[in-house]
Every structure is written in structure tokens, then in C-alpha cells.
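Student: Those protein sequences? They're chains A and B, same order as listed.
Okay, so the first sequence: first residue is 4 according to this note's numbering, each after it adds one.
Okay, so the second sequence: first residue is 3 according to this note's numbering, each after it adds one.
Backbone N, C-alpha and C fix where the C-beta goes; we use that ideal spot for every residue, glycine too.
As the structure is a prediction and not an experimental result, all values here were calculated from the model.
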Amino acid sequence: MLNFRKVKPFQGWITVALLLCATTSVLADASEPLIDPEADRQALRAYYLKRFPGVDIQDYINGIYALDAASREQWQALEEFPPYEFDLEAGEALFNTPFANGQTYAACFPNGGVSIRQHYPYWNAAEGRVKTLELEINECREKNGEQPYPWKKGPLAQISAYMAWTSRGQVFDIKVPADDAGALAAYAAGKRFFYAKRGQLNLSCANCHLEGSNIFIRADLPGPALGQTTHFPVYRSKWGELGTLHRRYEGCHRDTRSDPLPPQSDAFRNLEYFQTYMSNGLPVNGPGARK
Amino acid sequence: MNAAYTRYLLLSLLVFVANVQAAEPQTYQQAFELNRAMYGKGHLFTWQGQEFSTDHPEELDAQTPATRDKAEAMLHAAQVLNQRASELEYAWRMTAGLLEQAEQALRAGEFRQCMNLAAQAHYQARMSIQQAEYNQQHWRDAVPQ
Numbered sequence: 004m005l006n007f008r009k010v011k012p013f014q015g016w017i018t019v020a021l022l023l024c025a026t027t028s029v030l031a032d033a034s035e036p037l038i039d040p041e042a043d044r045q046a047l048r049a050y051y052l053k054r055f056p057g058v059d060i061q062d063y064i065n066g067i068y069a070l071d072a073a074s075r076e077q078w079q080a081l082e083e084f085p086p087y088e089f090d091l092e093a094g095e096a097l098f099n100t101p102f103a104n105g106q107t108y109a110a111c112f113p114n115g116g117v118s119i120r121q122h123y124p125y126w127n128a129a130e131g132r133v134k135t136l137e138l139e140i141n142e143c144r145e146k147n148g149e150q151p152y153p154w155k156k157g158p159l160a161q162i163s164a165y166m167a168w169t170s171r172g173q174v175f176d177i178k179v180p181a182d183d184a185g186a187l188a189a190y191a192a193g194k195r196f197f198y199a200k201r202g203q204l205n206l207s208c209a210n211c212h213l214e215g216s217n218i219f220i221r222a223d224l225p226g227p228a229l230g231q232t233t234h235f236p237v238y239r240s241k242w243g244e245l246g247t248l249h250r251r252y253e254g255c256h257r258d259t260r261s262d263p264l265p266p267q268s269d270a271f272r273n274l275e276y277f278q279t280y281m282s283n284g285l286p287v288n289g290p291g292a293r294k
Numbered sequence: 003m004n005a006a007y008t009r010y011l012l013l014s015l016l017v018f019v020a021n022v023q024a025a026e027p028q029t030y031q032q033a034f035e036l037n038r039a040m041y042g043k044g045h046l047f048t049w050q051g052q053e054f055s056t057d058h059p060e061e062l063d064a065q066t067p068a069t070r071d072k073a074e075a076m077l078h079a080a081q082v083l084n085q086r087a088s089e090l091e092y093a094w095r096m097t098a099g100l101l102e103q104a105e106q107a108l109r110a111g112e113f114r115q116c117m118n119l120a121a122q123a124h125y126q127a128r129m130s131i132q133q134a135e136y137n138q139q140h141w142r143d144a145v146p147q
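1. What residues in the segment 86 to 115 of chain B have a beta carbon less than 8 Å from any beta carbon of chain A?
2. What does the alpha-carbon distance come out to for the pair B:Ala123 and B:Ala33?
3. Run through DSSP, which three-state label would A:Arg293 get?
4. Could you tell me whether the Cβ of A:Arg260 comes closer than 9 Å to any Cβ of chain B?
5. Would you report the Cα separation of A:Ala209 and B:Met117, rounded to the nearest angstrom?
6. B:Tyr92 to A:Asn104, Cα distance in whole Å?
7. A:Gly94 and A:Arg293: beta carbons closer than 9 Å?
8. Would you mind telling me which residues of chain B sit closer than 8 Å to A:Tyr198, beta carbon to beta carbon, in chain order?
9. With the cut-off set at 9 Å, would you say A:Glu137 and A:Cys111 are in Cβ contact?
10. Secondary structure at A:Leu91, three-state DSSP: helix, strand or coil?
11. So, is A:Ile218 buried or exposed, given that buried needs 16 or more other C-beta atoms within 10 angstroms?
12. Can you tell me which of the three DSSP states A:Lys200 falls into?
13. Of the residues A:Cys211, A:Arg272 and A:Tyr152, which one's Cα is nearest the Cα of A:Thr189?
14. Please go through the segment 155 to 241 of chain A and give each complete beta strand (DSSP E) segment of 3 or more residues, from N-terminal end onward.
15. Please tell me whether A:Leu248 and A:Met281 are closer than 9 Å, where the distance is taken between their beta carbons.
16. What first and last residue would you give for the beta strand (DSSP E) that runs through A:Trp126?
17. Report buried or exposed for A:Thr279, applying the criterion of at least 16 other Cβ atoms within 10 angstroms of its Cβ.
18. Can you confirm whether B:Gln31, when its beta carbon is compared against all beta carbons of chain A, has any partner nearer than 9 Å?
19. For chain B, is any of its Cβ atoms less than 9 Å away from the one on A:Phe277?
20. What would DSSP say about B:Phe54, mapped onto helix, strand or coil?
21. Could you check if A:Lys53 is buried or exposed, using at least 16 other CB atoms within 10 Å of its CB as the buried criterion?
22. Can you say whether A:Val237 is buried or exposed, counting buried as having 16 or more other CB atoms within 10 angstroms of its CB?
23. With a Cβ-Cβ cutoff of 9 Å, do A:Val133 and A:Glu275 count as a contact?
24. Near A:Leu3, which residues of its chain fall below 6 Å by C-beta distance, leaving aside the five closest residues on each side in sequence?
25. So that I know if they touch, is there some Cβ in chain A lying closer than 9 Å to that of B:Tyr136?
26. Closer than 8 Å, Cβ to Cβ, to anything on chain B: give me those residues from the segment 43 to 55 of chain A, in chain order.
27. In angstroms with no decimal places, state the Cα-to-Cα distance between A:Ala164 and B:Ala107.
28. Taking Cβ positions only, does B:Gln122 come closer than 9 Å to chain A?
29. Please state the DSSP three-state secondary structure of A:Phe84.
30. Does the separation of the CB atoms of B:Ala80 and B:Leu101 fall below 9 Å?
31. Can you tell me whether DSSP reads A:Pro286 as helix, strand or coil?
32. Under 9 Å between the Cβ atoms of A:Ala1 and A:Gly246?
33. List the residues of chain B that A:Ser207 touches, going by C-beta distances under 9 Å, in chain order.
34. Do the segment 194 to 203 of chain A and the segment 174 to 183 of chain A make contact, defined as three or more Cβ pairs closer than 8 Å?
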């Protein structure tokens, strides 16, 4: 053991300085913690279990309706005659209609495009970016000599709705490969986007959808962050039509008084990657209906 | 009134005065924000014996003589700063609109108007970049552990 009384003052200072250096380097490491998506997912579930002990985790696929009994009743009435039925039929017809060159959507996707929604979005290592289902639907069109569809509504949302429908009940299983720095960085960027305050109102997604879950913010009740993406695309009564997840992202981002980013931007795809990973273990229930 | 009670009163008064003095803003930034919040722009306040304005630097800049050169320079500076905010993905919703209006004012030869609008846009861009920098340090505080 070191006897400080025997150490000359000068040596004592060196020891202190060395100790200080050691502490600072530990601190520097702590400010860049390991990226651990699974720990994040467990922590988010634990947060909600503690906050709303009576709510079953599986019920979070129903968004605000899992938490608020009054709006749940209205919504159940809405779901009796699902407002997205017409879009589903249109989506199925579009999906099954060959392109001018005779090729089909089915040929662009694994398993003929059926029952695959639970794997999207995914990290494409070769391209070095997150791929969403909508992005690949449009890529399939362009590859076959067709014009891409607009990102927010219309035929793209309808095809996406049909593909979600064929996957209903499948369990989300998003992978963030632990040995791929690019995938980890994309996940981390999405996570940061969700928790960082932004816009003139200085609000983060988390301010409303985590702390603010089921708390009135003016006249609105924000739903929980857990399970927030499982039912997209969504028929929204306010829109009077079907819309994609990135359409909703754009709206909520704008509501913080930010200059909203475009659908399918890197930021929004990374955000979807993070949010969908948080929904791992929950079933696909798209398309959905919301107020 | 007995002596002990008087001493108690005096002591409380001292503690009170000391607290009020401790509540005096420690930094210029705190003093500025406090006075800006209480009195708005165009007000003078004293901090550490010196007099300051509650105007933002941009607002002071916009009060200098209105010339074409000055209006162009302020507009350009605001555009560059908001471009930086956009690259950081932190631009605010109204800023681009303010810049557009400032450009229109410049074209119409309304230099003072252009300077005022550019000042607002510059302030917003500066704040949004500050927000991005703050987040860099603090966003993790909100993550459930």
C-alpha cells in the first residue's frame, strides 16, 4: 500500500495528477456509451410498464387507444367498418398488376412480397443505408421503367397497406447488426432524433410521446412511443385518406416549428429504424385507422 | 420587544438581503435573458456597474443607418447562417419565409424593412444552431435507463 507520508510532496502531486487523468478518461468514455438497441428496447418497455401498470405491452400497437378509454370507444366503432378497406382493395390490384415490361412487384421482394412487413425497415449493408418498404416499392417501379409514386399518400400508401395486410400478426423483428458500425450509427441517429429538442418550440418527439403520453397538450392527447409504427400506413380521419408514416413524421416535426424534413430523408428513415426496433416483439397490425 | 427577538429580526433581514444579492445574475448572459424576458427589447439595464441594452446583437445591427450595402450584408449573413442550420437539420419553420420577405424588401428598395427581417432570421438561425449544439451535449438526459 502507498504510504502518503513517506512520499515526497512532488511525487504526491504526480499521483494526484495521474489519478485525475484516469478519472477524466473514464468520464470521456461514459459520454459516448455503447450503442445497445436491445437494452434501449427493454428500458422503454420497463418505462411503460411502470407508468401504466394496467396496460398490456401487446396493446401498445393501438397507440393512444391503448391508454385512453374514451377515444378507444370511438375508435372501436370506426374499426367496425374499416375506413381503409377501399385502399386495401386498390393496393392489392396495384400490387398484382404487371408493369409495362411484364415484370411484377412480387419479383422485387423476398417471398413474393407477401408476409414481409415485419422485416422493414432494415439496414442494407451494401448500400450503407436504411431501406424502408416504401423506398423499395418505388425502387421496384423505377427498376422496371415506371415513374416513382409520391411518398406521402395515394398508390404508394395503398400498396404499402396491402403488403402490411398480408403480414398481419407477424411479429416485428428488426435487426441492428452489432458488428456493423454503419447500422449502429443509423440506429443511434434515429434515437437521437427522437430525444433531441428541436424547432422554435424546443420540443422533442419524446416530450410529447414519452413524458407526454396520454397527457393533454392543448386539445391533443399524444400516444405512446412504444408500438408507434406497427399499424402504418394509416387511414386518418383528419386527412380523410390513407397516409404513410413519413407523412405523419413530417406533420409532427413541423408541429415543433421546425422546417420539416422531406419524407424518406436519411433522418426520417433512421428515425423509423429506431422506432420500429423499439416495436420488436409486437405484431404487424397495419393498415390502421386513427382520428 | 425583547433583545433576543430584535437580534432574530435583524438576522433574518441580513439573510434576506444576502439572498437577494445572491439572486443577482452571475453571468452577462443570465442578466441579459432576465431583463429581456421582463422588459422586452429596447430597454437598458445595469449589470456589474455597466449599462447594457436588452436588444439582441441583430436588433442593434438593424438600427444602424439603412443602406443597400448594409441590407445586402445582413441578408447574406442570415442566409449563410440558416443554410448551416439546415445542414444540421435544425432549421426552424419560419426562418426561410423571413428570408424570402427580406429579399423582396431588398428588391423593392425598402432597406430598413429588409434589415429588420434579416435580423429576425439571423436571430432564429443562431438560436437553432445553439439548440443543435445544446442537444449534442444533453439529448441523452431524456432517454429512459
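Tutor: Working from what's here:
1. Within the segment 86 to 115 of chain B, the residues whose Cβ lies closer than 8 Å to some Cβ of chain A are Ser88, Glu91, Tyr92, Ala93, Trp94, Arg95, Met96, Thr97 and Ala98, listed in chain order.
2. Their Cα atoms are separated by approximately 24 Å.
3. Three-state DSSP puts A:Arg293 in a strand.
4. The Cβ of A:Arg260 sits closer than 9 Å to at least one Cβ of chain B.
5. Straight-line Cα distance between these residues: approximately 37 Å.
6. Spanning the two alpha carbons is a distance of roughly 43 Å.
7. Cβ atoms of A:Gly94 and A:Arg293: not closer than 9 Å.
8. Within 8 Å Cβ-Cβ: Trp141, Arg142, Ala144 and Val145.
9. The Cβ atoms of A:Glu137 and A:Cys111 lie no closer than 9 Å to each other.
10. Helix.
11. Burial call: exposed.
12. Per DSSP, reduced to three states, the secondary structure at A:Lys200 is coil, with no helix or strand assignment.
13. According to the sequence as given, residue 189 of chain A is Ala; it is not Thr. Considering only A:Cys211, A:Arg272 and A:Tyr152, the residue with the shortest C-alpha distance to A:Ala189 is A:Arg272.
14. For the segment 155 to 241 of chain A, whole beta strand (DSSP E) runs of length 3 or above, ordered along the chain, are 237 to 239.
15. Contact annotation: A:Leu248 and A:Met281 have beta-carbon atoms that are not nearer than 9 Å.
16. Element bounds for A:Trp126: Tyr125 to Asn127.
17. Taking a 10 Å sphere around the C-beta of A:Thr279, we find 16 or more other C-beta atoms and assign the residue as buried.
18. No, because no Cβ of chain A sits closer than 9 Å to the Cβ of B:Gln31.
19. Not an interface residue.
20. Strand, per DSSP.
21. When all chains shown are included, A:Lys53 counts as exposed.
22. Counting Cβ neighbours within 10 Å, A:Val237 comes out buried, since at least 16 surround it.
23. Yes, Cβ-Cβ distance for A:Val133 and A:Glu275 is below 9 Å.
24. The requested residue 3 of chain A is not part of the displayed model; chain A covers only 4 to 294.
25. Taking 9 Å as the CB threshold, B:Tyr136 lines the interface with chain A.
26. Using a CB distance below 8 Å, the part of the segment 43 to 55 of chain A facing chain B consists of Asp43, Ala46, Leu47, Ala49 and Tyr50, ordered along the chain.
27. Cα-Cα distance, rounded: 47 Å.
28. Not one chain A Cβ lies under 9 Å of B:Gln122.
29. In the structure shown, the three-state DSSP call for A:Phe84 is coil.
30. Result yes, Cβ atoms of B:Ala80 and B:Leu101 sit closer than 9 Å.
31. Three-state result, A:Pro286: strand.
32. Only positions 4 to 294 of chain A appear in the structure, and residue 1 of chain A is not among them; the question remains open.
33. Listed along chain B, the residues sitting closer than 9 Å to A:Ser207 by beta-carbon distance are Asn137, Trp141 and Ala144.
34. Contact between the segment 194 to 203 of chain A and the segment 174 to 183 of chain A is absent, because fewer than three Cβ pairs lie under 8 Å.
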